[in-house]
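**Student:** Going letter by letter, the sequence shown gives residues -1 to 184 in the working numbering. Before anything else, here's the structure in question.
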Amino acid sequence: MTGSAPVQAPAPQAGTVPSVGQPAPDFELVNQFGEPVRLSELRGRTVVLVFFPFAFSGICTGELCELRDNLAVFEDADAVVLGISVDSKFAQRAYAEKEGYSFDLLADFWPHGAVAERYGVFDPESGMALRGTFIIDAAGTVRYVVVNPRGQARDFAGYRAALTELSGGSPAPSTDPSYSRGPETA
């Protein structure tokens, strides 16, 4: 019997935003409690990586509060939400406590912005992550990517559409022009 292995897209290079269909770069960071969180240990579940510039900043707080207030959307899709910024675990903990975030905030503090760099969303001139979102399927493949410029909040409808599609439902129309769907399946 002859056969061929499935073709997988090559891994992204450091500093390049991973494309839909590529394997998500693995990493380990500590959360706001100092506990290590490794992406590869979350295989079997959908993971939503939400890179944000800084804790306690206006747009970031609005976006993360929208995630907090709609966490059931992610839980219904068996998705884990991970917020990531270059802030220290101490700042992340104070921020999570102040805003009531029940999801992990990861500290990409040292080496400064290394994980954001691996995902192509680190801005070395400002020393912060851009607003990048990556939805990764249970097998560790990137299925949704959006990176917004400074000062522009993400559209929550994009999350909802991507999660619906991953769970086998019909994708909701997205008003987010940078929404990337995964490959079409029959």
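In this text, a Cβ means the ideal position worked out from N, Cα and C, and glycines have one as well. Owing to the predicted nature of the structure, the values given are computational and were not obtained by experimental measurement.
Taking residue 117 as the reference, which of 29, 33, 155 and 37 has the closest Cα?
**Tutor:** Nearest C-alpha to residue 117: 37.
**Student:** Within the continuous alpha helix (DSSP H) that includes residue 157, where are the two ends?
**Tutor:** Run containing residue 157: 154 to 164, per the alpha helix (DSSP H) assignment.
**Student:** CB-CB under 6 Å to residue 49, same chain, minus the five flanking residues each way: which ones, in chain order?
**Tutor:** If we look at residue 49 and ignore the five residues flanking it on each side, its Cβ neighbours are 82, 114, 119, 127 and 130.
**Student:** With distances taken Cα to Cα, identify the nearest neighbour of residue 140 among 29, 25 and 45.
**Tutor:** Ranking 29, 25 and 45 by Cα distance to residue 140 puts 45 first.
**Student:** Closest to residue 123 by C-alpha separation, out of 148, 133, 99 and 104, would be which residue?
**Tutor:** Nearest of 148, 133, 99 and 104 to residue 123, Cα basis: 148.
**Student:** Have a look at 40, 30 and 112 and flag the residue whose alpha-carbon is nearest the alpha-carbon of residue 93.
**Tutor:** The shortest Cα separation from residue 93 among 40, 30 and 112 belongs to 30.
**Student:** Apply the 10 Å Cβ neighbour rule to residue 58 and answer buried if 16 or more other Cβ atoms are within range, or exposed otherwise.
**Tutor:** Flag for residue 58 reads buried.
**Student:** Taking 8 Å as the threshold (C-beta atoms), are residue 132 and residue 142 in contact?
**Tutor:** Closer than 8 Å, so yes.
**Student:** When we look at the beta-carbon of residue 175 and count the other beta-carbons within 10 Å, is it buried (16 or more) or exposed?
**Tutor:** In this prediction, residue 175 has a pLDDT of 41, which is less than 50 and means its spatial position is unreliable; nothing more can be read from the coordinates.
**Student:** For residue 165, I'd like the list of residues in its chain whose CB is within less than 6 Å of its CB, leaving aside the five on either flank, ordered along the chain.
**Tutor:** For residue 165, where only same-chain residues beyond five positions count, the Cβ hits under 6 Å are 75.
**Student:** Can you give me the Cβ contacts of residue 185 inside the same chain, cut-off strictly under 7 Å, excluding the 5 residues immediately before and after it?
**Tutor:** Nothing about residue 185 can be reported from this structure: the residues present for the chain run from -1 to 184 only.
**Student:** Starting from residue 74, follow the alpha helix (DSSP H) in both directions and report where the run begins and ends.
**Tutor:** Run containing residue 74: 69 to 74, per the alpha helix (DSSP H) assignment.
**Student:** DSSP on residue 129, reduced to helix/strand/coil?
**Tutor:** DSSP places residue 129 in strand when its eight states are reduced to three.
**Student:** Please state whether the Cβ-Cβ distance between residue 159 and residue 43 is less than 8 Å.
**Tutor:** No. Outside cutoff.
**Student:** Give me the DSSP bridge partner(s) of residue 146.
**Tutor:** In the DSSP output, where bridge partners are listed per residue, residue 146 has 129.
**Student:** Hey, residue 35 and residue 104 are a contact pair by Cβ (cut 8 Å); roughly how many whole angstroms apart?
**Tutor:** Yes, they are in contact, since the Cβ atoms of residue 35 and residue 104 sit about 6 Å apart, within 8 Å.
**Student:** Residue 163: buried (16+ other C-beta within 10 angstroms of its C-beta) or exposed?
**Tutor:** Residue 163 should be labelled buried.
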